[in-house]
Amino acid sequence: MGIEKKNKNLGLHSLPGISYKQPNVLAGRTDVVYVTPWLAPIIWEGTFDPTLIDFIYKQQNITIATTVFALGKYTRFLKDFLESAEQYYFVGFRVHYYLFTDQPEAVPDVKLSNEHQLMVRKVPSMDRWQDISMGRMKILEKLTKSELDNDIDYIFCLDVDTKFYGRWGAETLGRLIGVIHPWFYDYPRDQFTYERRPESQAFIPVEEGDYYYTAAAFGGTVQEVYKLTKTCREQQSIDAAKSIEAIWQEESHVNKYFLYNKPSKLLSPEYLWRDINARTEHVKMIRFSHVAKNNAEVRPNL
Ligand code: UD2
6 MGIEKKNKNL GLHSLPGISY KQPNVLAGRT DVVYVTPWLA PIIWEGTFDP
56 TLIDFIYKQQ NITIATTVFA LGKYTRFLKD FLESAEQYYF VGFRVHYYLF
106 TDQPEAVPDV KLSNEHQLMV RKVPSMDRWQ DISMGRMKIL EKLTKSELDN
156 DIDYIFCLDV DTKFYGRWGA ETLGRLIGVI HPWFYDYPRD QFTYERRPES
206 QAFIPVEEGD YYYTAAAFGG TVQEVYKLTK TCREQQSIDA AKSIEAIWQE
256 ESHVNKYFLY NKPSKLLSPE YLWRDINART EHVKMIRFSH VAKNNAEVRP
306 NL
């Protein structure tokens with residue numbers, strides 16, 4: 006039997022080089038919403054065809070920058086982060102990891118695939134975990150500004166105390182990408198832990214808000230991530246001058262930014278789970294997850 010006939014029998018269509026299932030107009034997942042009210046897709050397992058998506062993006066010869074910070078005792082998370090990324094993260098695509106650390110000598114020797122490369126950049130140590138976490142915005146602003154005219158197409162900024170357990174691929178690419186936080190995805194907006202003090206630049210009133218986004222993963226084009234990080238850094242500086250620190254540091258500012266600059270694509274909590282969370286029926290696949298950690302032991306301050 007020829008490949009065309011075989012594909013027809015299986016309900017598959019052909020593009021040169023690949024086969025994929027016919028898209029269905031009337032049926033799909035009914036247990037989750039996979040589009041926002043501003044018509045941005047929300048990516049859940051079962052809503053995309055990985056083969057087709059990879060095929061489309063492969064032709065664009067793209068480079069994806071990926072930033073991760075590991076200061077102080079957080080270097081211990083690097084091995085699992087990098088090894089699991091090599092197994093699941095943009096496999097077969099060009100990835101440039103930018104690793105910011107105060108101890109380049111503590112970076113583990115992890116074998117990377119041919120398409121992936123690691124750049125280690127030294128940054129000063131800091132005494133407060135809050136300053137490390139928020140300080141990422143300034144460094145990311147500088148990085149994205151310097152890369153604006155270079156060859157990087159997309160960038161993701163990820164927490165390091167994490168591990169990949171499943172595919173994170175080209176389905177996540179887009180202009181501006183927000184990730185729905187695994188704690189609050191089914192909460193009413195007045196219970197989100199947005200910053201509620203009007204004196205802070207991150208303030209969001211109780212009657213506003215779409216989703217609660219995590220700062221542990223966000224991304225988009227280099228231009229868009231430059232705008233996001235620059236804005237958050239500026240807002241954090243205004244707060245600091247008034248001796249205010251937003252309740253969830255840069256995460257509060259990211260939430261404010263996404264409220265007024267809507268992401269063009271959202272990733273479901275499959276793309277940021279927490280190892281300690283119980284499974285739910287909606288999350289059919291955990292792709293990326295926070296590992297359990299003892300904050301008092303790993304952080305430089307309480
Ligand atoms: C939440 C956010 C995190 C950030 C933080 C700010 C989630 C799931 N995570 O995580 O993104 O917004 O709150 O309050 O929403 N780091 C170091 N060394 C340190 C401390 C931090 O390298 O000593 C880096 C590291 O890359 C880490 C990141 O900063 O992944 C965020 O710090 P965290 O993971 O301790 O923050 P956490 O768990 O409260």
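Under this note's numbering, residues 6 to 307 are what the sequence shown spells out, in order. Virtual Cβ for every residue (Gly too), placed ideally from N, Cα, C.
Quick check on the DSSP output: the beta strand (DSSP E) that includes residue i runs from which residue to which?
| i | result |
| --- | --- |
| Q122 | H121 to K127 |
| R304 | Taken as a continuous stretch (DSSP letters only), R304 belongs to no beta strand (DSSP E), as it is neither H nor E. |
| L181 | L181 to I185 |
| K26 | I23 to K26 |
In this structure, how does DSSP classify residue i when only helix, strand and coil are distinguished?
| i | result |
| --- | --- |
| N12 | Confidence at N12 is low in this model, with a pLDDT of 43, below 50, so the placement of that residue is unreliable and no value is reported for it. |
| E200 | strand |
| V112 | coil |
| H101 | strand |
| P274 | helix |
| F208 | strand |
| M6 | Residue placement at M6 is poorly supported in this model, since its pLDDT is 40, which falls under 50; the coordinates are not used for a value here. |
Name, in chain order, the residues that DSSP records as bridge partners for residue i.
| i | result |
| --- | --- |
| F161 | T71 and G224 |
| T106 | A75 and K127 |
| H295 | T167 and R279 |
| Y192 | DSSP lists no partner for Y192. |
| P46 | V40 |
| Y218 | I185 |
Residue i lies in the alpha helix (DSSP H); which residues open and close that run?
| i | result |
| --- | --- |
| I61 | P55 to K63 |
| I144 | W134 to E152 |
| L117 | Element bounds for L117: n/a, residue is neither H nor E. |
| E88 | L83 to Y93 |
| V259 | Q254 to Y265 |
Any heavy atom of the ligand HEM within a distance shorter than 6 Å of the CB on residue i?
| i | result |
| --- | --- |
| R141 | Looking for the ligand HEM in the displayed structure turns up nothing; the ligands present are the ligand UD2. |
Subject >> Within 6 Å of the ligand UD2: residues by beta-carbon to any heavy atom >> reply: F74, A75, L76, G77, Y79, W134, I137, S138, D164, V165, D166, H186, T219, A220, A221, W253, Q254, E255, E256, H295, R304 and P305
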